[in-house]
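K.L.:
Take a look at this one; I'll ask things after.
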Amino acid sequence: AADKKLTFGFAQVGAESEWRTANTASIKSAAKEAGIDLKFSDAQQKQENQIKAIRSFIAQKVDVIGFAPVVTTGWDTVLKEAKAAKIPVVLTDRSIETKDDSLYVTTIGSDFTEEGRKAGHWLLDNYKGQGDVNIVELQGTVGSAPAIERQKGFLEVIKADPRFKVIRSQTGDFTRAKGKEVMEAFLKAEPNINVLFSHNDDMAIGAIQAIEAAGKKPGKDIIIVSVDGVKGAFEAMMAGKMNVTVECNPLLGAQLMDIVKQVKAGKPLPKRINTKEGIFPMESAAKEFPSRKY
Amino acid sequence: MTEQQAILQMQGIHKRFPGVVALKNVGLRLFPGEVHALMGQNGAGKSTLIKVLTGVESIDSGDIILSGKPIRPHSVFEVQELGISTVYQEVNLCPNLSVAENIFIGRFPFRFGRIDWKTMQSKARTGLAALNIDIDVSLPLSSYPVAIQQMVAIARALSTEAQVLILDEPTSSLDEDEVERLFDVLRRLKAKGIAILFVTHFLDQTYAISDRITVLRNGEFEGEYLAKDLSRMQLINKMVGREVDESSFARQAGDHADKAQTGEPFLAANHLGRAGMLRPIDLSVYSGQVLGLGGLLGSGRTETAHLLFGIDHPDSGSTKINGIPVKLNSPRKAVRLGLAFCPEDRKTEGIIAELSIRENIILALQARRGIFHFIPVSKQRQIAEEYIRQLGIKTSDAEKPIGQLSGGNQQKVLLARWLATEPKMLILDEPTRGIDVAAKLEIMELVKTQCCKGLAIVFISSEMSEVLRVSDRIAVLRDREKIGELDGASSDEQSVFCMIAGSEA
Amino acid sequence: MRLKNCFHHHLFWPCITLVLLCLTNFFFNHGFFDIEVRNGALYGSVIDVLNRAAPLMLVSLGMTLVIATRGIDVSVGATVAIAGAVVAVMIGGTLVIKDGVQSYVANFPMPLAIIAALGVALLCGLWNGALVAGAGMQPIIATLILMVAGRGVAQLITEGQIVTIYYEPFFFIGNGFLFGLPFALYIVLAVLLILLYLTQRTSLGLFIQAVGLNPTAARFSGISARALVLWVYGFCGVTAGVAGLVITSNVKSADGNNAGLAMELDAILAVALGGTSLDGGRFSLIGSLIGALIIQTLTYAIYSLGVPPEINLVVKALVVFTVCLIQSERLRSMLFTPAIHLEEKS
Amino acid sequence: MSLMRYVNPRSIPLIVTTTLFVALFGFGAVSYDAFLSPQVFMNLLIDNGFLLVVAIGMTFVIVAGGIDLSVGSIVALTTMVSASLVQHHHWSIWAIIPLVLLMGCAFGLLHGVLIQVFRMQPFIVTLGGMFLARGLCYVISIDSISITDPAYTALSEYRLMLGSETFISLSGIVALGTLLVAIYLAHYTRFGRTVYAIGGNERSALLMGLPVARTKILVYTLSGFCSALGGILVTLYMLSGYGLHALGMELDAIAAAVIGGTLLTGGVGNVVGTLIGVLILGVIQSLIAFNGNLSSWWTRIAIGLLLFLFCLLQRIIERSRLGHKETAVSPRGSSPAPEKSKPHLWASMHS
Ligand SMILES: Nc1ncnc2c1ncn2[C@@H]1O[C@H](COP(=O)(O)OP(=O)(O)OP(=O)(O)O)[C@@H](O)[C@H]1O
Ligand SMILES: Nc1ncnc2c1ncn2[C@@H]1O[C@H](COP(=O)(O)OP(=O)(O)OP(=O)(O)O)[C@@H](O)[C@H]1O
Ligand SMILES: [Mg+2]
Ligand SMILES: [Mg+2]
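As they're listed, the protein sequences go chains A, B, C and D.
Going by the numbering used here, the first sequence opens with residue 9, and the numbers climb by one from there.
Going by the numbering used here, the second sequence opens with residue 134, and the numbers climb by one from there.
Going by the numbering used here, the third sequence opens with residue 7, and the numbers climb by one from there.
Going by the numbering used here, the fourth sequence opens with residue 387, and the numbers climb by one from there.
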C-alpha cells in the first residue's frame with residue numbers, strides 16, 4: 009500500500025501492575041511489527057484522562073481509536089464524538105456498558121468473571137480435605153472491575169457446595185505489601201484458614217510470605233488460588249507454595265493490530281473476541297515457566 | 134466638666150492570664166470631648182485593659198458601662214457597632230490587602246450590589262490626606278514601612294463615626310511632624326464631642342494633648358488626675374512607684390566626654406550602596422562610640438542598617454572590619470563577625486512569638502556558635518535570667534512565650550538577644566519604640582555603658598532628641614543619601630534639621 | 007499535682023487515643039495482646055502492628071521536621087518507591103536455573119546497593135529542598151513535582167516490572183528479628199535517637215522551630231534558614247529512603263507503581279495526630295511515632311474486625327474525626343466549663 | 387522595564403503565568419500539526435471544566451489560609467449519589483441537582499464547623515472528610531453505575547457550536563459561569579474581601595471586627611458547593627457514578643490554584659490565576675497526548691518535568707522582578723532624580 013501509514017491511537021489504563029506493563033509492551037511491539045503508527049497515551053488509572061486522550065485522538069484525526077476502559081461505564085458521550093468524526097473504536101480487556109452498540113466495533117480481551125469462575129471450579133474439583141472449607145479472600149482495589157467481577161465469578165461457582173465458605177474478605181489493593189499485611193491480620197484473627205483466594209498473583213505472593221512467617225506451609229496448610237499467571241506466581245508454584253493460577257493473558261498485541269487493520273478495511277467483526285487463556289496448576293509450572301514472557 | 138456624664142465607665146475590672154494577674158480592680162472613666170491618657174510602665178496592663186474593653190479578651194469580673202448601659206462585649210465587631218473604634222498596639226491590619234481596603238474593610242461602599250472600588254479609594258485618599266499622607270492607596274499595605282502602616286491604622290479608626298476612639302501607642306513609630314498632624318485631627322474630633330483614650334510613653338505627647346490622665350501600675354489602678362494638676366515628675370513617680378531623680382531626664386554634661394577617635398574605625402563602609410535603595414555612602418563606626426543616624430522617615434536609615442548587616446546585598450562599595458575587607462552577604466556572616474542588629478519591626482522581624490523568652494534570648498548567640506556548640510538548657514536559663522534581671526524584663530518566668538509579654542518587654546528581650554552575643558558592633562533600629570520612660574532611660578544607660586566597654590553602636594531613632602543624647606557623631610541622611618556628619622556633643626535638633634533643610638535648597 | 011501535669015502534657019491525648027484503639031482491638035479480638043515466641047522471635051498482633059508501622063514511623067519522623075519548618079513533603083511515597091527500585095535492581099532480580107538447581111545472583115554487593123539507594127533518596131530530598139529553599143517555590147508544589155515524576159523514575163528503573171529480590175541477607179532488614187523484636191524497629195529507634203539527639207542536644211531543634219515560626223526573624227538572628235531547610239528536606243528524603251528499604255525488604259520485591267502509595271497522606275496525618283501543628287513551629291517526634299502507631303492500629307483493627315472492605319474508609323473517617331475531637335482542647339473546654347463561648351476569640 | 391511601570395504590580399504574577407501558558411501552547415502548536423486548532427483549546431475547557439469549578443472553591447479555601455482535601459471525594463460522592471438516584475430510584479434530574487449541591491454544602495459546613503468551632507486542623511478534618519465521602523460511595527455501590535436517563539444524556543451531549551468545527555460543552559460553559567461568579571464574589575463582595583483579610587492575618591481580621599468565624603465556615607461550605615457542582619459536571623462528563631472517579635483531584639486542584647499564583651500561606655491569589663493554572667495542567671496533558679510516544683513512566687516524568695520547568699520559570703521571572711521591587715512599588719527609582727520623587731509625608735515640614 010502506497011498510502012500513508014495507518015495511525016492507531018491507544019489509551020492505556022496505566023502501568024499499575026506487571027500484567028499491565030506486559031500488555032503495553034505487547035501492544036507497542038506488535039504495532040511496530042505491523043507497521044502501524046501508534047499514538048500511545050497513559051491514563052494513570054483515571055477515566056477522565058482516558059476520555060481526554062480519546063478527545064485528543066479525535067482532534068489528531070487518527071484512523072482507529074483503541075482503549076482499555078478503566079471502568080465499564082461512562083463512555084457514551086466521547087464515543088459519540090468519535091462516531092461523529094467517523095473514527096472506529098475497538099476495546100481491549102473488557103467491554104463497556106452502553107445501549108448503543110454501534111459506538112464500538114469490537115472488544116478483544118479476557119473475561120474477569122470467567123476467570124473467577126475458573127478459579128472456583130478448580131477449587132471445587134481439586135480440594136481434597138474434609139469438613140467445612142474456610143476461605144479467605146484478598147480483593148483487588150475496591151470498586152475496580154477485575155475485583156468486582158472475579159469475586160462475582162468465584163462466588164457464583166462455590167455457592168454450589170455449601171461446605172465452601174468465605175469467612176473473611178478484605179482488600180489488598182492488588183499489591184504485595186498490602187496482601188502481606190492483610191494476610192498477617194487474617195492469620196491472627198482466624199485460626200482455621202483452609203483456602204486463600206487472591207484476586208491477583210501479587211497479593212498472593214505477599215500473603216505467602218505472611219503465611220510462612222506465621223509458621224504454616226503455603227500450598228499445603230493453606231491452598232492458594234490466584235489469578236493472572238505472572239512469572240512470580242510460577243516461581244512460587246515451582247517452590248510448591250502456590251497451588252494454581254488462572255491465566256489472564258495480556259499478550260494480545262498481535263491480535264489487536266490484526267483487528268485494527270481489519271477495522272480500517274471495513275471488515276465485519278464479532279462484538280467480542282476472546283483471547284486464549286489457560287489455567288496453570290502447580291504441577292505444570294516448571295514446564296511452563298521458561299516460556300513465560302511476563 | 135467633671136460632673137458631666139461619663140460616656141464610658143469601667144469598674145472593678147479583673148483579668149488574669151495563666152500565671153499573671155494583668156488587671157486588679159481597675160477602673161476608668163471617659164468623658165465626651167476629652168482626650169484621656171492612659172499611662173503606665175511596660176506591662177502595667179494598659180493594652181490588656183483596652184483589649185478587655187473591646188471584647189478581644191474576656192473579663193474575669195467587673196463592669197463596663199457605655200452611655201449608662203452595662204455591656205459585656207464578646208467580639209470586636211459588637212464593640213464597633215456600639216461606636217467604639219480602636220487602634221491596637223502594633224499594627225493590626227492585613228498586609229496583603231490594599232491600603233484603601235484596610236481602611237474600609239467591613240464598611241465598604243457599595244454600588245449596584247458590588248464594592249465600589251473607585252469611591253473607596255478616593256475616600257481613602259481623603260482620609261489619609263487629613264493626616265497629610267499622600268500614597269498610592271491601591272498598593273498592598275505591606276509595601277509600606279511601619280510608620281505608614283500605623284498611619285493607615287489610625288485613618289481606619291478615624292474613618293468610622295465613633296463616639297469613643299481608643300488609640301494604643303499610635304505614635305510609637307511616627308516622627309514629630311506626623312504626631313503633630315495626628316494631634317490636629319484629634320483636637321478636631323475632641324471639639325466634636327468624641328471621647329478619646331490615648332496610650333503613649335512620650336510624656337511630651339501626653340501633656341500636649343490630654344486633659345485627663347489615668348495611671349496604672351502593675352495591673353492596679355493608681356489614680357485619675359487632671360493633666361494640668363499633675364506635673365511631669367509626679368506622673369513619672371506615680372507610674373514607676375518610687376521617687377525618680379529629675380536630673381536623670383535631662384541631657385547631661387559629660388555624656389559626650391570626648392572619646393578620641395584614635396586609630397582605625399571598627400567598621401568602615403566605603404561607598405556602600407545599592408541601586409534603588411541607598412546612594413553610595415561612607416560610614417565609619419568606632420569602637421566605644423555611638424554613631425547616630427539622623428534623618429526623617431524614609432530617609433534610608435533602615436536601609437543603611439540592612440546593608441551593613443548583610444540583609445540586603447550592596448551592589449557598590451566595600452566594607453572593612455578592623456581594616457580587613459569583608460563581604461557581608463548574609464546576617465549569619467555579620468553575626469559571626471561580631472555584628473548585631475535589632476530590627477525596627479519587632480513583630481515581624483524580631484520576636485518569634487511562640488517561642489519562650491529563653492529561646493528568644495539565646496537564639497542569636499546559638500546561631501553565632503553554630504548548631505553543634507550547644508548551650509545546655511540550664512546554662513541557657515541562667516543567661517536568660519541574667520538578662521531578665523539586668524534589663525528588668527517583667528515576666529513571671531523565662532519559659533513564657535514571648536508573645537505574651539507586653540510590647541515594651543518584648544523589645545527588651547530583643548536587646549537581650551543581641552547583648553548575649555557580646556557583639557563588637559550593635560545596630561539599634563528604633564530600639565526605644567514602645568518603651569516606657571524609665572525603661573528608655575535604662576536602655577540609653579545601657580547603650581552608654583556598653584559603649585564604654587568598647588562596643589561600637591549605630592543608633593537609629595525617630596526621636597531626634599534621643600539620637601542627640603546618645604550619639605558621639607551623627608550621620609545625617611536625606612532621601613537615601615548621606616548629606617553630612619555632625620558632632621554629637623556640639624549639635625542640637627536645630628542644627629540637624631538645618632542640615633536636612635539646607636541641602637534641600 | 008503530678009497527675010495534673012501529665013494531663014496537660016502534649017502527648018497525653020495522643021496516648022489516650024492509642025490506648026483506646028488498642029482496647030477496641032482487644033475487645034473484638036481477644037488475642038490482640040497475646041505474644042508468643044516462635045522460632046526465637048516474638049509473634050503476635052502487637053508485634054505485627056509495630057512491624058508494619060515501622061516504615062510509616064520513619065517517614066513521619068522526617069515529615070515532622072519538614073512540617074516544623076512550615077513546609078510539607080508530598081513526595082515521600084515516590085521516594086520510597088525510588089529507593090526500593092534502586093536497591094532491588096542493584097541487588098538483583100535474576101533467578102538462574104542450572105541443571106534444575108535454582109541459584110540467586112546478587113548484581114552488586116548489598117552494602118553498596120543500600121548506600122546507593124539512600125544516596126538517591128537523599129538526592130530526592132535535596133532536590134525538594136533546593137526547589138523550596140533555593141528557588142523559593144511553595145513546598146506543596148515543589149514536592150508535587152517529585153511526587154508525579156518520582157513514580158515515573160521508579161518505574162523507569164524497574165522498567166515497569168515488579169523486581170523480585172533473591173538475596174537472603176537483604177531480607178533481614180524488613181523481616182529479621184533481633185532479640186525477639188523485628189529488626190525494623192531498631193532502625194526506627196536508631197533514627198529516633200539520632201533525631202532526639204540532634205533536636206535536643208544541639209540547637210537544630212531551636213533553629214527549625216525559629217525558621218518555621220518566623221523565617222525573617224530567624225534569618226535576622228543569624229540563622230541561615232535556607233541551608234537548614236535544604237537539609238531538612240534532604241533528611242526527610244533519607245528517612246523515606248530507609249522506609250523504602252524496609253518495605254522492599256519486607257515484601258522481597260520492589261513495585262515502582264505501588265510502593266509507598268498514599269504514604270504521604272498517612273505520614274502527614276501521623277504528624278498531625280501526634281500534636282504537631284501543620285503551621286510549623288513546635289513539633290513532637292515522639293508524638294509523630296504515636297500518630298503512626300494510631301494509624302497502623304486502626305488499619306489493623308479494620309482488617310481483624312472483619313469490616314467489609316466497602317466501609318473501610320467510612321470507619322477510618324469516623325475514627326479520624328473521633329480522634330481529632332478527643333484531642334480538641336476546644337471541645338473539652340466547652341464540655342467542662344459551663345459558659346460556652348462560640349463567638350470569635352483567638 | 388518601563389512598561390512594567392504601567393501595570394499594577396499585583397497583576398504581574400498573573401501576566402507572567404499567562405505568558406508562560408501562551409508559550410507552552412505555542413510550543414505545542416509548533417510541534418504538532420493539529421494542535422493549533424480552536425477545538426484543541428476548547429477541549430481544554432471541556433475536559434477540565436469540572437477541575438476548574440473545584441479549583442475555584444479550593445482557591446477560596448487556600449486564600450483564607452486553609453486547605454480542603456475532600457474535594458475529589460465529594461466529586462465522586464456526587465456522581466455516585468446522582469447516578470444511584472437517577473438509575474435506581476428514578477428521580478428527576480431537577481430534584482437531584484439541588485439535592486447533591488445541598489449535600490456538598492453540608493459536607494463543607496461540617497468541615498467548617500469542625501475547623502472553626504473545635505479548632506481542628508483543616509488538613510486533618512478535610513482528610514477525614516475525604517475518607518468519609520469516598521467511603522460513602524462504596525456504601526452506595528462498589529460498582530460503577532451507568533446513567534441512561536435521557537435528561538442527563540441530553541445535557542451531557544449538549545454542544546454549543548462556536549463556528550463550524552468548534553464547540554464547547556455544557557461543563558465548559560458552567561465552568562466559565564462559575565468563574566465569573568467567583569470573580570464577583572472574590573473582588574466585589576464583603577465576603578470575598580474578608581476571605582482575603584483572614585488569609586492575610588487572621589488575628590488582625592478579628593481585631594478589625596470582621597466576621598471571621600462565619601466567613602471561614604462559609605468558605606468551606608463554598609468549597610463543598612463547588613465540589614458538588616464539579617461533581618455534577620463530572621457526572622455529565624462520564625455519564626456514570628463511580629467511587630473511583632476523581633481520584634487525587636484534590637492535588638490537581640491545589641496545584642492549579644498554586645500555579646495560578648495562590649499562596650498556600652493564605653491571603654494571596656485569585657481565581658483568574660486558577661483558570662490559567664487549570665489550563666496549564668490541561669495543556670501539559672494535551673502535549674503528552676499529542677506526543678503519543680511516551681511510555682507510561684516517561685509520561686509521569688514528562689508531566690513532572692513540565693511542571694518543574696514551568697514553576698521554575700515563573701519563579702525566576704518573579705525573582706528578577708523582585709530585584710527591582712523598589713522601582714515597581716514606589717515611584718523612587720535609582721535613575722530618576724531623587725528630588726522629584728520625594729514623598730509627600732514630610733513635604734510641608736520646613737515651610
Ligand atoms: N495573652 C497573654 N497571656 C499571658 N499573659 C499576658 C497576655 N497578654 C498580656 N499578658 C501579661 O499581662 C501584663 C500586662 O500586659 P499589657 O500588654 O497590658 O501591658 P502594657 O501596659 O500594654 O505594656 P506596654 O507598654 O509594654 O505595651 C503583662 O505582664 C503581660 O505579660
Ligand atoms: N509620606 C510618604 N509617602 C510615600 N511613601 C513614603 C512616605 N513615607 C515613607 N515612605 C516610604 O517609606 C520608605 C522608607 O521607609 P523606611 O522605614 O525604610 O526608611 P527609613 O529611613 O528607615 O525610615 P525610618 O525613619 O522609618 O527608619 C520609602 O520606601 C518610602 O517609599
Ligand atoms: Mg501595650
Ligand atoms: Mg526605618
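Yeah, the Cβ is synthetic: ideal placement off N, Cα and C, and Gly gets one too.
With DSSP as the reference, label Gly261(A) as helix, strand or coil.
P.N.:
Three-state result, Gly261(A): helix.
K.L.:
With a threshold of 7 Å on Cβ separation, who are the neighbours of Ala393(B) within its own chain once the five nearest residues in sequence on each side are excluded?
P.N.:
Residue placement at Ala393(B) is poorly supported in this model, since its pLDDT is 49, which falls under 50; the coordinates still yield a value, given next. No residues qualify anywhere along the chain.
K.L.:
Below 8 Å, can you find three or more Cβ-Cβ pairs linking the segment 431 to 450 of chain D to the segment 609 to 620 of chain D?
P.N.:
A contact exists between the segment 431 to 450 of chain D and the segment 609 to 620 of chain D.
K.L.:
For Gln174(B), count neighbouring C-beta atoms within 10 Å of its own C-beta (all shown protein chains included) and say buried if the count is 16 or more, exposed if not.
P.N.:
Classification of Gln174(B): buried, given that the 10 Å Cβ count is 16 or more.
K.L.:
Terminal residues of the continuous alpha helix (DSSP H) containing His16(C)?
P.N.:
Premise fails: His16(C) is in no alpha helix (DSSP H) and is neither H nor E.
K.L.:
Taking 8 Å as the threshold, find out whether the segment 484 to 492 of chain D comes into contact with the segment 648 to 658 of chain D through three or more Cβ pairs.
P.N.:
The answer is no - the segment 648 to 658 of chain D does not touch the segment 484 to 492 of chain D, with fewer than three Cβ pairs under 8 Å.
K.L.:
Along the chain, which unbroken stretches of the alpha helix (DSSP H) at least 4 residues long are found entirely within the segment 276 to 361 of chain B?
P.N.:
Runs found: 279 to 292, 309 to 324, 336 to 342.
K.L.:
Select from the segment 428 to 446 of chain B all residues with a C-beta closer than 7 Å to any C-beta belonging to chain D, and list them in chain order.
P.N.:
Those would be Leu429, Leu430, Gly431, in chain order.
K.L.:
Taking the alpha-carbon of Ala92(A) as reference, which of Leu566(D), Arg545(D), Leu596(D) has the nearest alpha-carbon?
P.N.:
Comparing Cα-Cα distances from Ala92(A) to each of Leu566(D), Arg545(D), Leu596(D), the minimum goes to Arg545(D).
K.L.:
Could you tell me whether the Cβ atoms of Gln178(A) and Pro61(C) are closer together than 8 Å?
P.N.:
For Gln178(A) and Pro61(C), no; Cβs fall outside 8 Å.
K.L.:
What's the call for Ser299(A), buried or exposed, on a 16-neighbour Cβ count within 10 Å?
P.N.:
It counts as exposed.
K.L.:
Gly158(C) to Thr219(B), Cα distance in whole Å?
P.N.:
Distance between the alpha carbons of Gly158(C) and Thr219(B) is about 57 Å.
K.L.:
Measuring only from the beta carbon, is Gln222(B) closer than 7 Å to any heavy atom that is part of ligand 3?
P.N.:
Indeed, a heavy atom of ligand 3 lies less than 7 Å from the Cβ.
K.L.:
Kindly indicate if chain A contains any beta-carbon less than 8 Å away from that of Ile528(D).
P.N.:
With 8 Å as the cut-off, Ile528(D) counts as an interface residue toward chain A.
K.L.:
By Cβ distance, which residues of its chain are closer than 8 Å to Lys272(A), with the 5 residues on each side in sequence left out?
P.N.:
Taken in chain order, the residues that qualify are Leu14, Asp71, Val72, Pro96.
K.L.:
Strictly under 8 Å for the Cβ-Cβ distance: is Asp433(D) near chain A by that measure?
P.N.:
Asp433(D) counts as touching chain A.
K.L.:
For Lys586(B), count neighbouring Cβ atoms within 10 angstroms of its own Cβ and tell me buried if that reaches 16, exposed if not.
P.N.:
Answer is exposed; the Cβ neighbour count stays below 16.
K.L.:
Would you decide whether Val80(C) is buried or exposed? Buried here means 16 or more other CB atoms lie within 10 Å of its CB.
P.N.:
Buried, since its Cβ has 16 or more Cβ neighbours within 10 Å.
K.L.:
Kindly indicate which three-state DSSP category Lys545(B) falls into: helix, strand or coil?
P.N.:
Reduced to three states, the DSSP call for Lys545(B) is helix.
K.L.:
Could you compute how far the alpha carbon of Gly387(B) sits from the alpha carbon of Arg375(B)?
P.N.:
Below a pLDDT of 50, predicted positions are generally treated as unreliable, and Gly387(B), at 45, falls in that range; the measurement from the model is reported next regardless. Whole-angstrom Cα-Cα distance: 26 Å.
K.L.:
Going by DSSP in three states, Lys301(A) sits in which element: helix, strand or coil?
P.N.:
Reduced to three states, the DSSP call for Lys301(A) is coil.
K.L.:
Let me know the secondary structure DSSP gives Val52(C) once reduced to three states.
P.N.:
Reduced to three states, the DSSP call for Val52(C) is helix.
K.L.:
Please report the straight-line C-alpha distance between Ile197(B) and His207(B), rounded to a whole angstrom.
P.N.:
Rounded to the nearest angstrom, the two C-alpha atoms are 12 Å apart.
K.L.:
Closer than 8 Å, Cβ to any Cβ of chain C: which residues of the segment 272 to 284 of chain A, in chain order?
P.N.:
Within the segment 272 to 284 of chain A, no residue qualifies.
K.L.:
Taking Thr534(D) as the reference, give the member of Lys295(A), Glu24(A), Lys301(A), Thr85(A) with the closest Cα.
P.N.:
Nearest of Lys295(A), Glu24(A), Lys301(A), Thr85(A) to Thr534(D), Cα basis: Thr85(A).
K.L.:
For Glu637(B), is the classification buried or exposed, using 16 other Cβ atoms within 10 angstroms of its Cβ as the cut-off for buried?
P.N.:
The predicted model places Glu637(B) with a pLDDT of 48, which falls under 50 and marks its position as unreliable, so this point remains unresolved.
K.L.:
Could you tell me whether the segment 201 to 209 of chain A touches the segment 228 to 237 of chain A, using the rule of 3 or more Cβ pairs below 8 Å?
P.N.:
Judged by Cβ distances under 8 Å, the segment 201 to 209 of chain A makes contact with the segment 228 to 237 of chain A, as three or more pairs qualify.
K.L.:
By the three-class DSSP mapping on this structure, what secondary structure does Gln138(B) have?
P.N.:
Of the three classes helix, strand and coil, the one that applies to Gln138(B) here is coil, per DSSP.
K.L.:
Run down chain C in chain order and give the residues with a C-beta less than 7 Å from the C-beta of Glu490(B).
P.N.:
Note on identity: in this sequence residue 490(B) is Ile, with Glu being the wrong assignment. The premise fails here: Ile490(B) is roughly 13 Å from chain C at the closest Cβ pair, so nothing lies under 7 Å.
K.L.:
At what residue ranges does the segment 215 to 275 of chain B contain a whole run of the alpha helix (DSSP H), taking only runs of 4 or more?
P.N.:
Fully enclosed alpha helix (DSSP H) runs of 4 or longer: 232 to 237, 250 to 263.
K.L.:
Output needed for Glu563(B): all residues of its chain with C-beta closer than 7 Å, excluding positions within five of it in sequence on either side, in chain order.
P.N.:
Taken in chain order, the residues that qualify are Ser306, Glu477, Ile593, Ser594, Ser595.
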